[in-house]
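Take the sequence shown: its letters are residues 1 to 699, numbered as in full-length UniProt numbering.
By construction, the Cβ of each residue, glycine as well, lies at the ideal position given by its N, Cα and C atoms.
Following: one structure in structure tokens, then a few remarks.
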Amino acid sequence: MAAEAKDHWSTEAYQKSASFVPKLATKVMGWLDPQPDDYILDIGCGVCDALDIINHPTLPRQQFTKAFSNAAMHWILKPRDRHEAFFRGVRESLQPGGVFVYEMGGLGNVSEMVTALLLTVGRRIGLEKTVEISPWFFGDEEWARSMMEDTVGGWKVEKVEREWRPTTADEGGVDGWIRLMGAKWFEAIEDERQREAAIQEAVKAMEIVCRKPDGGFMLSYLSSIPNQVKQYSSEVADVIDRHVDKIADQVRESLSAQEWIPDALRPRARPPPPVVISLPSSLYERAQNWVSRHKVLTGFIIFTTGVIVYRGYRKSKYGRKTRRAKRARNGGRLEVVVIAGDPKVPLTKSLSLDMERRGFIVYIACNTVDDEVMVQNLSRPDIRPLGIDITDPPSAGASIERFAQHLQTPHAAVPGAKPNYLTLKSVILIPSLSYQTSPIATIPPSSFADLFNTHLLHPILTIQAFLPLLTAKLTTPGEAVPPKVLVFTPSIISSINPPFHAPEATVCSALSAFTEVLAGELRPLSIPVTHVQLGTFDFAGFTPSSLRSSSAVQPGLLTAPESAETLAWPDAARHTYGRNFVNTSRSAISAGRVRGMRGSSLRDLHNAVFDVIDGSNTSGNVRVGLGADLYGFVGKWVPRTLVEWMMGMRRVNELASWQSSHHPSPRSGSENGEGDFGSGSEYISVQPEHAGANVWKEI
């Protein structure tokens, strides 16, 4: 019998069917960390049975610095009564502070092999005897720690780990592994033919269970190795348990289909899972499932809906507010509003009509007789012209003085009624809102001069003319409430300062700075100044029907100016700016509107102005109109290069050639030959005939 065992454990058989076993020691050898001065005891490295030598008196005591074992202890520790003596003997063979590192089969090791051997051999010699002759003991982490620290004592387990090692079968395959590792099982079958039949049955069952999809066979090794910290997490354990259960199910299914196995030993197949009839879920359940799968999107939808509902509620409440000017007991009007704006501009006309409807007496500042005629043509008794020529300071001062005297004189609404004093509530400045769009290089200097005079200097002088009236205390009884100053400016273009809009961007930026300075000067006098930044509005009711459908009229805040005709530009300017100018002119941003929308209702503007006048809104800056907030955000946070790209600006790869100008240089002197460049003049005069000269103009 011993000879047969020796034949089974020959070097050739081990190399053919279990050569992977030494390779599994790589990890444990790293933990052993052998050093040149170590004296190591290797347990289980021989080919003979030497289990009883451990108690021999000649065994060296306390001489080894380290002890080591690989893939042997699950054979050595098969007898349960040997565990305590084994670990005690190893402990006594080590020096104080010595280290014992070992690797052995762990609980669940080669479970599919054990199952096949138990069934095939047990059918022939009985299950109890088969279990008795099993040559292996597979422990777990708790067994190792309890046995060494509690039962034996004297050990300190620093690490312990159970590791699953799926291993591909060697050259000998499943048959070679069965014959080598299961030799002791099959030796219990005395009849040689029955023994071979049992081997073939076990091999067939294991090949079914262990076959890999890409060929070959996988052996499920589970090793129990002392480790520094117990790293075998419950998640990995669950994975292994599921894998072992799956293998057991596969073995059971395979063996249950074998007709040659007696009914008493044949395992029963797992019953089929119960049929689950899924009922259609309700709408509420489907919605609940969708919300659970899209939590972020649901949160965004709830937040957006909440903001929309809140703003809608505020707007509804804001729109229901009663906005009426204060009147006398007899119904006479008491409050006066001055609008300094061109009567021809739809915004001036719309605002004056609304203020008059709300109970104000509206005065529109007029510079010419034609403007006064336009105001009178409105045929509203409480919309009156206020003649003031700001180009003539003495005349403008006299007009303001007459207006102040008018406010300090009591007036009766109808003959015979009690007269009342008028109160100046607000001065509203509406600058010109039409601007030229063109490259800077194609705008003549005279156009810039006219632009600054009409769009910038005129509004500044208008406010300057009213400052004495605003800062003086009128001798009118009643509440001492200072008048409000409102300055309107378009905000879409000035927020982003796009190309080819230098006139509007420059003037609006200057007016914004002027308004801030004015607010700072009047704040100590308790005179509020509000900068109203306008978006886009629907002026369909104030635009002639013949122009309403024309593409030349912008259906928003402004009446679009005549587009610069690129064909009239010089070749150099057309080559340099033409394509980008045409692209930006077609974009909604350049037109100062939001594409596809007509603009906000004028009622929003009228309500915002009234709230500033009556003190409901005390903000220094008010944005109103479609696009005012949006373009303000874009101008502040969106990169300028991205905005220009969205407008259609593209790189010009080739520039035009230089063309010399034939204009006489203004540095050459005056007609009298005086005024040389080096004559000490502090300025260079421009001759009248060259005042409108353009550097791009062709001769």
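Counting only residues of its own chain and dropping the five nearest sequence neighbours on each side, Val612 has a CB closer than 7 Å to the CB of Lys484, Leu486, Thr530 and Val622.
With fewer than 16 other CB atoms across the displayed protein chains lying within 10 angstroms of its CB, Lys473 is exposed. Distance from the Cα of Ser254 is smallest, within the candidate group Tyr313, Gly312, Thr115 and Gly332, for Thr115.
Our two residues, Ile308 and Pro524, have alpha carbons roughly 39 Å apart in a direct line. Here Glu141 is near Val160, since their CB atoms are less than 9 Å apart.
In the DSSP assignment, the residues bridged to Cys366 are Gly387. Only exposed fits Pro419, as fewer than 16 other CB atoms lie within 10 angstroms of its CB.
In the DSSP assignment, Ala67 is bridged to Leu41 and Phe100.
When C-alpha distances from Val157 are compared across Ala197, Phe100, Ala188 and Gln376, the shortest belongs to Phe100. In the same chain as Arg358, and ignoring 5 residues on each side of it, the C-beta atoms closer than 7 Å to its own belong to Arg323, Arg324, Ala325 and Phe610, in chain order. Restricted to the region 273-352, the alpha helix (DSSP H) segments that are unbroken, complete and at least 4 residues in length are 283-293 and 295-319, listed in chain order. In the three-state reduction of the DSSP assignment, Glu149 falls in the helix class, which pools H, G and I.
A direct Cα-to-Cα measurement between Arg329 and Ile302 gives close to 51 Å.
Residue pairing by DSSP places Thr423 opposite Glu335 in a beta bridge.
Counting along the chain, Thr515 sits inside no beta strand (DSSP E); it lies in the alpha helix (DSSP H) bounded by residues Ala502 to Leu522. Looking from the CA of Glu207, the closest CA among Leu180, Phe186 and Gly173 belongs to Gly173. Taking a C-beta distance under 9 Å as the contact criterion, Thr584 and Val652 do not qualify as a contact pair.
The way I'd put it, the region 626-634 does touch the region 531-539; three or more beta-carbon pairs between them come closer than 8 Å.
For the pair Leu347 and Leu283, the CB atoms are not nearer than the 9 Å cut-off.
As the crow flies, the alpha-carbon of Thr515 is around 35 Å from that of Thr304. Annotated as proximal: Ile400 and Pro468, with beta-carbon spacing under 9 Å.
Beta-bridge analysis with DSSP links Gly139 to Gly106. The Cβ neighbour count for Trp637, taken over all protein chains shown within 10 Å, is under 16; the residue is labelled exposed.
In this structure, Thr423 keeps its C-beta atom at 9 Å or more from the C-beta atom of Pro528.
Under the criterion of beta carbons closer than 8 Å, Phe64 and Ser93 qualify as touching, at roughly 5 Å. Only exposed fits Gln258, as fewer than 16 other CB atoms lie within 10 angstroms of its CB. Membership of Thr489 in any alpha helix (DSSP H) is not indicated; the residue belongs instead to the beta strand (DSSP E) covering Lys484 to Pro490. Under the three-state reduction of DSSP output, Ser600 falls in the strand class. Between Glu163 and Gly105, the C-beta spacing is not below 9 Å. Here Gly341 is buried. Its C-beta has 16 or more other C-beta atoms within 10 Å. Here the alpha carbons of Arg384 and Gln376 stand approximately 7 Å from one another. Straight through space, the alpha carbons of Ile339 and Arg327 are spaced by roughly 20 Å. With fewer than 16 other beta carbons inside 10 angstroms of its own, Ser526 counts as exposed. Put simply, of Ala413, Ala205, His74 and Ile492 the residue whose alpha carbon is nearest the alpha carbon of Phe86 is His74. His406: member of the alpha helix (DSSP H) spanning Pro393 to Leu407, first to last residue. Boundaries of the beta strand (DSSP E) around Pro166: Glu161 to Thr168.
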